[in-house]
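Student: Each residue of the sequence shown is one higher than the last, beginning at 51 in the working numbering. First the structure, then my questions, so here it is.
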Amino acid sequence: MIFKEISKFPSVEDGKIKFVPFIEASKGIVKIIELFGYIYTPVRQDIQGNIEKLSQIHSSDVDKFSTLNDIVEVEVKESKQFGIDALLWLKRALEFVHVFLSCLVEDSKQVPGNESLTPFFQKAYDETLKPYHGIIVQKLFGWIVLAGPSRNSFMLKLADGQDPIPEEEIMSEIDSFLQDLGSNISAINTIYEAHNLVFNQKV
């Protein structure tokens, strides 16, 4: 099962997020996005691009940038925004996945579950990415959210070719993953709020 293969997001300690485990877990998000289908390639590429940008900063001085907090704090002091922007958009993508998976887990409590995942993709997009997209990008995503996999197809992909896995087991793994992901998202929001970093520009 894919949620047993990918790295979990690190524990947040004193509001700090360790860089390496966070990035490794973010790479796992890319694998999840791949399960949404080829239509989600723009989202996957955006996440990968922001991971690469942050990794570029980290590799320039691994001791200086051992946490995400370090990147933000240094760039604020130096009036830079390269890493701040990359982390911001990565965080928004993580929020998209968090909302989608949360909807899936909540829906699994219903019998039967909703076969169409489109409402979950739509809710995730509306709440996390749409506020920062201009009309053209919104139209693009209007098509993307309609072309995601069905519930049955997605569950089979999550099993990753293994023998049939009880849905309860899959949802338990997702729920555990979401707790760590959620704590990291909250910590990033706190970091940005602490530095009065508010960005509402649309792309």
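Cβ atoms here follow ideal geometry from the backbone N, Cα and C, with glycine treated the same way.
Tell me, to the nearest whole angstrom, how far the beta carbon of Phe191 is from that of His183; I am working on the premise that it is less than 8 angstroms.
Tutor: Here residue 191 refers to the residue found at position 141 when the sequence shown is read from its first residue. Here residue 183 refers to the residue found at position 133 when the sequence shown is read from its first residue. Right, the Cβ-Cβ distance comes to about 7 angstroms (below 8 angstroms), so this counts as a contact.
Student: For the alpha helix (DSSP H) containing His148, name the first residue and the last one.
Tutor: Taking the first residue of the sequence shown as position 1, residue 148 is located at position 98. Here the alpha helix (DSSP H) through His148 covers Phe132 to Asp157.
Student: Please report the straight-line C-alpha distance between Lys207 and Leu85, rounded to a whole angstrom.
Tutor: Looking up residue 207 in the sequence shown gives position 157. Looking up residue 85 in the sequence shown gives position 35. Roughly 6 angstroms separates the two Cα atoms.
Student: As a quick exercise: from Lys180, Lys130 and Glu218, pick the residue whose alpha carbon is nearest that of Gln160.
Tutor: Looking up residue 160 in the sequence shown gives position 110. With distances taken between Cα atoms, Gln160 lies closest to Glu218.
Student: Just confirm the distance between the C-beta atoms of Glu74 and Ser57, as a whole number of angstroms; I'd bet it's less than 8 angstroms.
Tutor: Here residue 74 refers to the residue found at position 24 of the sequence shown. Here residue 57 refers to the residue found at position 7 of the sequence shown. Under the criterion of beta carbons closer than 8 angstroms, Glu74 and Ser57 qualify as touching, at roughly 4 angstroms.
Student: Where Phe69 and His108 are concerned, what is the direct C-alpha to C-alpha distance, given to the nearest angstrom?
Tutor: Residue numbering aside, residue 69 sits at position 19 when the sequence shown is read from its first letter. Residue numbering aside, residue 108 sits at position 58 when the sequence shown is read from its first letter. Whole-angstrom Cα-Cα distance: 8 angstroms.
Student: May I have the straight-line CA-CA distance separating Gln106 from Ala209, to the nearest angstrom?
Tutor: Counted from its first residue, the sequence shown places residue 106 at position 56. Counted from its first residue, the sequence shown places residue 209 at position 159. Taking the straight line from one Cα to the other gives about 33 angstroms.
Student: So the alpha helix (DSSP H) Lys173 belongs to, where does it begin and stop?
Tutor: Residue numbering aside, residue 173 sits at position 123 when the sequence shown is read from its first letter. Looking at the DSSP string, the run of the alpha helix (DSSP H) that includes Lys173 is Thr168 to Thr178.
Student: Please name the residue, chosen from Asn246, Ser76, Phe227 and Asn119, that lies closest to Ser152 on a Cα-to-Cα basis.
Tutor: Counted from its first residue, the sequence shown places residue 152 at position 102. Closest option to Ser152, Cα to Cα, is Phe227.
Student: In this structure, what does DSSP give as the bridge partners for Thr117?
Tutor: To locate residue 117, count along the sequence shown from 1; it is residue 67. Per the DSSP secondary-structure output, Thr117 pairs in a beta bridge with Lys68.
Student: Looking at C-alpha atoms only, which residue of Leu247, Ser236 and Gln251 is the closest neighbour of Asp64?
Tutor: One-based indexing of the sequence shown puts residue 64 at position 14. Asp64 has its Cα closest to that of Ser236, out of Leu247, Ser236 and Gln251.
Student: Restricting to Cα atoms, I'd like to know which of Trp193, Leu196, Ile194 and Pro214 is closest to Asn202.
Tutor: Position 152 of the sequence shown holds residue 202. Closest option to Asn202, Cα to Cα, is Pro214.
Student: DSSP three-state call for Glu63: helix, strand or coil?
Tutor: Sequence index remark: in the sequence shown, residue 63 carries index 13 (1-based). Per DSSP, reduced to three states, the secondary structure at Glu63 is strand.
Student: Could you tell me whether the region 123–138 touches the region 238–253, where touching means 3 or more Cβ pairs closer than 8 angstroms?
Tutor: yes
Student: Would you report the Cα separation of Tyr242 and Asn119, rounded to the nearest angstrom?
Tutor: If you number the sequence shown from 1, residue 242 lands on position 192. If you number the sequence shown from 1, residue 119 lands on position 69. Whole-angstrom Cα-Cα distance: 9 angstroms.
Student: Out of Lys127, Asn100, Lys180 and Lys189, which one is the CA nearest neighbour of Ser76?
Tutor: Indexing the sequence shown from 1 puts residue 76 at position 26. Minimum Cα distance to Ser76 is reached at Asn100.
Student: Using the C-alpha atoms, what's the distance from Ser129 back to Ala244?
Tutor: The residue given as residue 244 occupies position 194 in the sequence shown. The residue given as residue 129 occupies position 79 in the sequence shown. Looking at the two C-alpha atoms, the distance is approximately 16 angstroms.
Student: Measuring only from the beta carbon, is Gln106 closer than 7 angstroms to any heavy atom that is part of the ligand ZN?
Tutor: In terms of ligand content, the structure shown is empty, and the ligand ZN therefore cannot be addressed.
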